[in-house]
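Heads up, the thing below is written out as structure tokens.
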Amino acid sequence: MRTDMTKNSKSSWPKVIARKWLNIPSGADEFQSDYAVNGETGDRRKSCCDQDYHSVVPENFSEGWLTETAGGIKPSKSMPEPPPVTDSLNLRMFVGTWNVGGKSPHEGLNIRDWLSSPAPADIYVIGFQEIVPLNAGNVLGAEDNGPAAKWLSLIREALNSDQSDQELARCYSDATEESSPSSLQLEHQASLKPRTSFTDLLSMEDELGEEDFERLLNLNSNSSEEGSPSPTYMSGSPARQRFCLAASKQMVGLFLCVWVRTDLYKHISNLKVSCVGCGIMGYLGNKGSVSISMTLHQKTFCFVCTHLTSGEKEGDEIRRNSDVAEILKRTKFSRSFRDLRQPFHPENILDHDKVIWLGDLNYRLAPGCVDTHELLKKNNWQALLEKDQLRIEQRAGRVFSGWEEGRIYFAPTYKYLADSDDYVVQTSNSKEKRRIPAWCDRILWKGEGLKQVWYSRGECRFSDHRPVYSLFSVHINLANKLIPTAISCPPRFSSKSALSSACGAKVQAEELLVIPGHKAA
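Residue numbers (our numbering): 95 to 615.
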């Protein structure tokens, strides 16, 4: 069930604390989403018992349903004919994670560098940790939605602003002006041959050097591919991309949001959220996960933003492994009755076709790495990664078995001095404050049709973590997509029977969409 974002109620402290300590769900299925794109709003479908909440009718139910408008009850407008369906679809998906250290963003904070990638993306999945300080007031008290609203505003501006388009234009212009012998050859080939498909382009990654591959990736984006959803970019004059918020959800300091191109939004359905607290007492939300599930072209996606147990003592990695197991076990997406023609929507994380796991996983370097300082000075990341707890635990089969992570060629992302490029361990004399640098912030994935083409970090000094981001190629097979059959329209209404018929139709909608007495996970 999806609801409009409402103002945070000022509940009394005893009531809020009791609900959290007793693990009683409170709006666990609610999330924020854009219902209007570019200022255009549609009629909202309601159920009989609709007061503060409303259900979203699946796409296949659109035709023939009743719509309540200011002018009374009338049959819904017929949907326009869909475009021809191709056999497959290749999308680009940007995934980013950032622990912002409990700091609220200030006006003018530049996050465009973090959200930039070698090629324009169609979907943006952005997760934050510690958007509010993890103190008793925020963990036990009413949720502070102020910082989340600021981050949404910054992201919306970064993805939709004219300045972003200008930067893209400059990026593509620079890509054709700066030339090396190998890149000139690539440029000449690109000008003579049709645009390479994104799938074929990815197959060249291993054959080309990293610099040439990135350059070809940029050049390849200058012309359109038949059947590709990505917009056409001409040097110096890129087409504007408009993005809308598909869903966002907060749990204490965790915040996850999914943005999609507006023309993709109509193909998204079954948006659901689930929160799991793994913090104090094993249930409070200072640590845990926020997950968003959705269906895109009949393929199910799950995005899991997590903040796992901290600490670099021996044995802390076992607690982090336990957090992962609890999140996989306790994450549940609410079910509702649907048309039998609709595919079954997964309840658990691993039931999805494609899964992205992102966040501050907090895995550190294993104790006993005595030459850490020397390896840091030499930028010998591969030697340091041999001591990475996540890789050690994963190779031993104790966590994330069957999951994938890209090769890491960037410096550890934690822990930095405030507004500095120096690690705390390099300057601090206090043993309590010293932290061995580590790759705490990670992005993993599971499922067919996902290929990572970029894995890097940003350099914003806003917090003691550096943001991490990745670009994925997402292949969706449309050959098996279900084609909905025609749905018969309801009888026309007479003035005498309109009210009773309308109530009957609304009751039918309620029975189809909602399981009575369902409790959120």
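For glycine and all other residues, C-beta sits at the position ideal for the given N, C-alpha and C.
Straight-line Cα distance separating residue j from residue i
i: Lys360; j: Ile537; result: 27 Å
i: Gly453; j: Leu484; result: 13 Å
i: Lys426; j: Ser495; result: 20 Å
i: Met328; j: Ile205; result: Bear in mind that the predicted position of Met328 carries a pLDDT of just 28, short of 50, making it too unreliable to give a figure here.
i: Val352; j: Gln223; result: 15 Å
i: Ala419; j: Trp497; result: 14 Å
i: Ser383; j: Ala573; result: 34 Å
i: Arg429; j: Asn380; result: 27 Å
i: Glu499; j: Lys366; result: 25 Å
i: Lys423; j: Asn442; result: 8 Å
i: Ala580; j: Gln392; result: Residue placement at Ala580 is flagged as unreliable, the pLDDT there being 40, under the threshold of 50; the coordinate-derived value follows with that caveat. Distance between the alpha carbons of Ala580 and Gln392 is about 18 Å.
i: Leu469; j: Glu408; result: 21 Å
i: Ile577; j: Phe438; result: Any reading at Ile577 must be qualified, since the residue scores a pLDDT of 47, below 50, and its modelled position is unreliable; no value is offered.
i: Trp539; j: Gly190; result: 13 Å
i: Pro461; j: Lys471; result: 19 Å
i: Pro241; j: Gln344; result: 10 Å
i: Gly202; j: Gly491; result: 44 Å
i: Gly376; j: Gln476; result: 35 Å
i: Asn229; j: Ala236; result: 12 Å
i: Asp482; j: Trp533; result: 8 Å
i: Trp548; j: Gln488; result: 21 Å
i: Lys197; j: Asp513; result: 13 Å
i: Arg528; j: Ile486; result: 23 Å
i: Leu358; j: Asp515; result: 39 Å
i: Ala505; j: Leu444; result: 31 Å
i: Ile220; j: Gln546; result: 16 Å
i: Ile502; j: Glu553; result: 16 Å
i: Met187; j: Ala215; result: 5 Å
i: Asp207; j: Ser385; result: 25 Å
i: Arg243; j: Trp451; result: According to the sequence displayed, residue 243 carries Ala and not Arg. Taking the straight line joining both Cα atoms gives about 23 Å.
i: Leu378; j: Val346; result: 9 Å
i: Val493; j: Asp410; result: 13 Å
i: Tyr517; j: Pro440; result: 42 Å
Residue i vs residue j beta-carbon contact at 9 Å
i: Leu185; j: Ile217; result: yes
i: His569; j: Gly543; result: yes
i: Ser74; j: Phe397; result: The question about residue 74 has no answer, for the chain in this structure spans 95 to 615.
i: Thr507; j: Val449; result: no
i: Ser342; j: Leu350; result: yes
i: Asp447; j: Thr400; result: no
i: Arg555; j: Tyr510; result: yes
i: Asn474; j: Asp181; result: no
i: Pro199; j: Leu248; result: yes
Cβ shell of residue i (< 8 Å), same chain only, five flanking positions each side left out
i: Gly337; result: Gly is not the amino acid found at residue 337; the sequence shown has Phe there. Hits under 8 Å: Tyr218, Arg250, Leu253, Asn254, Trp353, Val354, Arg355, Thr356.
i: Gln145; result: Caution is warranted here: a pLDDT of 41 is assigned to Gln145, below 50, making its placement in the model unreliable, and the coordinate value is therefore given only provisionally. Same-chain partners within the cutoff: there are none.
i: Val194; result: Phe222, Gln223, Glu224, Ile225, Phe556, Ser557, His559
i: Asp535; result: Thr191, Trp192, Asn193, Gly453, Asp454, Leu455, Thr507, Tyr508, Arg551, His559, Arg560, Pro561, Val562
i: Gly541; result: His446, Asp447, Lys448, Val449
i: Ile374; result: Val233, Asn380
Same chain, Cβ closer than 7 Å to residue i, five either side skipped, listed in chain order
i: Ile530; result: Glu406, Arg458, Leu459, Thr466, Val519
i: Asp238; result: Val226, Asn232
i: Leu183; result: Pro323, His391, Ile570, Leu572
Cβ-based neighbour list, residue i, same chain, cut-off 6 Å, excluding 5 preceding and 5 following
i: Leu402; result: Arg414, Asp417, Leu455, Asn456
i: Asp128; result: Cys338, Leu339
i: Ile421; result: Val370, Ser383
i: Cys372; result: Lys381, Gly382, Asp417, Glu420
i: Leu209; result: Ala252
CB-CB length for residue i against residue j, believed under 8 Å
i: Leu478; j: Ser211; result: Not quite, the Cβ-Cβ distance comes to about 25 Å (not below 8 Å), so this is no contact.
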